[in-house]
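Chains as they are written, first to last, in my numbering: chain D, 1496 to 1841; chain X, 39 to 113.
Worksheet for the structure shown next.
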Amino acid sequence: MPLSTLTGVRFAGMATCVPKRVLSNLEDCRPQIRSERARLVRNIGIEYRRICQEWQCFSDLAFVAAEALLERLQWRREEIEALVVVTQSPDYPIPATAIILQDRLRLSHTTVAFDVNLGCSGYPFGINILGSMIAAGGVRKGLLLVGDRCASLNDPIFSDAGTATALEFDPAAPPMRFDLNSDGSGYKAIILPAGGHREPINLHHLIPYREDENDRWHYKTDLQLDGPAVLGFSTQRVPPAVERLLEYANTAKEDVDYFVFHQANRMINETIRKKLGLPEAKVPSTLRDFGNTSGASLPVTMTARIHTELEQGKKRLLLSGFGIGLSWGSLLLELENAVFPAMIEA
Amino acid sequence: MNTIEQFIENFLNACDFEDPVEATAETELQSLPQWDSLAKLAVIVLFDTEYGKTITGEDLKNAVTVGDIFRLLGE
Chain D
1496 MPLSTLTGVR FAGMATCVPK RVLSNLEDCR PQIRSERARL VRNIGIEYRR ICQEWQCFSD
1556 LAFVAAEALL ERLQWRREEI EALVVVTQSP DYPIPATAII LQDRLRLSHT TVAFDVNLGC
1616 SGYPFGINIL GSMIAAGGVR KGLLLVGDRC ASLNDPIFSD AGTATALEFD PAAPPMRFDL
1676 NSDGSGYKAI ILPAGGHREP INLHHLIPYR EDENDRWHYK TDLQLDGPAV LGFSTQRVPP
1736 AVERLLEYAN TAKEDVDYFV FHQANRMINE TIRKKLGLPE AKVPSTLRDF GNTSGASLPV
1796 TMTARIHTEL EQGKKRLLLS GFGIGLSWGS LLLELENAVF PAMIEA
Chain X
39 MNTIEQFIEN FLNACDFEDP VEATAETELQ SLPQWDSLAK LAVIVLFDTE YGKTITGEDL
99 KNAVTVGDIF RLLGE
């Protein structure tokens, strides 16, 4: 399903919650690697990150975001008929976090609730899944919760966030247009290799197997990321996919108010922006302050940078997520009268 | 026309080494102070944005000298 259109689905609003705890890539590291960190921060563009408290899960952030959004929208809980959670950091391996949240959010037992296992690309896919349920006529109002708990002290890239988006049935809503893609041949490019059925956790996984250039030991229970492969994938696949979606929607770049990309790192994001020939003013970024928040990065960037603009008049946005899978998806969206509360900290 | 001198200047700018580095076509990559994952990413981006050419991490792994990387431009 590379290109498709959904009609009758209104984007009603979005809220974003990040942990209070701030990490500085320049200061929160061993003194020996501080000068190297300055070079790293210059190039990946990530200076600050948010990290959960020990007890905090992604779902705790998403819960706060969902409560704030429901309050602002004045939606009644019993009206919500679907709850879709897109995360790779569930509360437990099983059951699904969405079902736990159905209860925590006091939604009715007739709510459809399930998890979707997607990471950095997940937001457009999540909108498509929930939007399709609404367009099909079975669901009138639904919530999409997207995000991850992926920050760690050692890794300078990832940052935590939880987000909530509200969609509802509205025959007069402008169409949403999608371009959604997958390439599983690249599954090793970003992988947490141990802990599933291919490689169950065993004693030897508790022993580090590789020391990197910064004297840091890696475990097979850590996320493994093939930098050049991810960079090549992102900068080769995303720009043509965006062009294709614009062409399908018969929309010129000039007619799009904002292009919001997954916040991967500055090198990747700047290459994509330059290849598409987009001015910086139309491409908001939160890399410096919020790092790479996985699937939450599109909502984080919309909330942190343009939430007041998005509440004023009609706005056309192109959202594009890409990463682990490999998976990449874009969404062309028209917003009017949607609510965007300011960033929430928890 | 891409000269090796011009390329080396772009290459060193992209790698953003902390201390000034002199390099020629014969300079071995492993002798550079920070020929690390960050530098490699920067060189892949340089090829893409400055020269409109796609190279992979594998291409860089196979390169021994700065000149080997320069020659990837011509392939």
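Glycine included, every Cβ here is placed at the ideal spot set by N, Cα and C.
Keep in mind the model is a prediction, meaning the values are calculated, not measured.
Proximity of residue i and residue j at Cβ, strictly below 7 Å
i: V1504 (chain D); j: M1671 (chain D); result: yes
i: L1827 (chain D); j: L1813 (chain D); result: yes
i: S1616 (chain D); j: S1822 (chain D); result: yes
i: S1499 (chain D); j: F1673 (chain D); result: yes
i: G1657 (chain D); j: A1563 (chain D); result: no
i: V1755 (chain D); j: L1793 (chain D); result: yes
i: I1546 (chain D); j: R1571 (chain D); result: no
i: D1618 (chain D); j: D1784 (chain D); result: Checking the displayed sequence, the identity of residue 1618 (chain D) turns out to be Tyr instead of Asp. Contact flag unset, no.
i: I1767 (chain D); j: P1735 (chain D); result: no
i: P1779 (chain D); j: T1796 (chain D); result: yes
i: V1751 (chain D); j: R1811 (chain D); result: yes
i: R1534 (chain D); j: D74 (chain X); result: no
i: D1610 (chain D); j: V1634 (chain D); result: no
i: L1578 (chain D); j: L1638 (chain D); result: yes
i: S1603 (chain D); j: F1553 (chain D); result: no
i: R1711 (chain D); j: N1649 (chain D); result: yes
i: L1600 (chain D); j: A1659 (chain D); result: no
i: L1568 (chain D); j: A1631 (chain D); result: no
i: A61 (chain X); j: V104 (chain X); result: yes
i: G1621 (chain D); j: A1833 (chain D); result: no
i: A63 (chain X); j: V81 (chain X); result: no
is_contact[residue i, chain X] using C-beta, thresh 7 Å
i: R1534 (chain D); result: yes
i: N1612 (chain D); result: no
i: T1766 (chain D); result: yes
i: P1723 (chain D); result: yes
i: L1782 (chain D); result: no
i: T1730 (chain D); result: yes
i: K1769 (chain D); result: yes
i: S1680 (chain D); result: no
i: N1538 (chain D); result: yes
i: S1499 (chain D); result: no
i: S1647 (chain D); result: no
i: S1530 (chain D); result: yes
i: M1762 (chain D); result: yes
Residue i beta carbon near the ligand ADP (any heavy atom closer than 6 Å)
i: I1624 (chain D); result: The ligand ADP is absent from the structure shown, which contains no ligand whatsoever.
Neighbour flag for residue i against chain D, beta carbons, 7 Å
i: T87 (chain X); result: yes
i: E56 (chain X); result: yes
i: K91 (chain X); result: no
i: L76 (chain X); result: yes
i: V59 (chain X); result: no
i: L79 (chain X); result: yes
i: V83 (chain X); result: yes
i: T94 (chain X); result: yes
Three-state secondary structure (DSSP) of residue i
i: S1815 (chain D); result: strand
i: A1659 (chain D); result: strand
i: G1727 (chain D); result: helix
i: R1672 (chain D); result: strand
i: E96 (chain X); result: helix
i: T1788 (chain D); result: coil
i: C1512 (chain D); result: strand
i: L1527 (chain D); result: Here the sequence assigns Gln to residue 1527 (chain D), which means Leu is not the residue at that position. Here Q1527 (chain D) sits in helix by DSSP.
i: I107 (chain X); result: helix
i: A1667 (chain D); result: coil
i: T65 (chain X); result: coil
i: S1554 (chain D); result: helix
i: E1738 (chain D); result: helix
i: F1835 (chain D); result: coil
i: H1802 (chain D); result: helix
i: T1500 (chain D); result: strand
i: V8 (chain X); result: This structure does not reach residue 8 (chain X), given that chain X is present from 39 up to 113, and the question cannot be answered.
i: H1713 (chain D); result: strand
i: Q1719 (chain D); result: strand
i: K1748 (chain D); result: helix
Inter-stretch contact at 8 Å, needing at least 3 Cβ pairs: the region 1521-1540 of chain D / the region 1692-1702 of chain D: No: fewer than three Cβ pairs fall under 8 Å.
Three or more C-beta pairs below 8 Å linking the region 1683-1690 of chain D and the region 1710-1719 of chain D: In this structure the region 1683-1690 of chain D touches the region 1710-1719 of chain D; the number of beta carbon pairs closer than 8 Å is three or more.
Taking any Cβ of chain X, which residues in the region 1726-1751 of chain D have a Cβ under 8 Å from it, in chain order? Flagged, chain order: L1726, G1727, T1730, Q1731.
Residues in the region 1698-1713 of chain D having any Cβ partner in chain X nearer than 8 Å: Near chain X, meaning a CB-to-CB distance below 8 Å, the residues of the region 1698-1713 of chain D are E1708.
Segment contact, 8 Å Cβ cut-off, at least three pairs: the region 1628-1643 of chain D with the region 1526-1541 of chain D: Contact between the region 1628-1643 of chain D and the region 1526-1541 of chain D is absent, because fewer than three Cβ pairs lie under 8 Å.
Residues within the region 1815-1833 of chain D neighbouring chain X, beta-carbon criterion of under 8 Å: Of all residues in the region 1815-1833 of chain D, none has a C-beta nearer than 8 Å to a C-beta of chain X.
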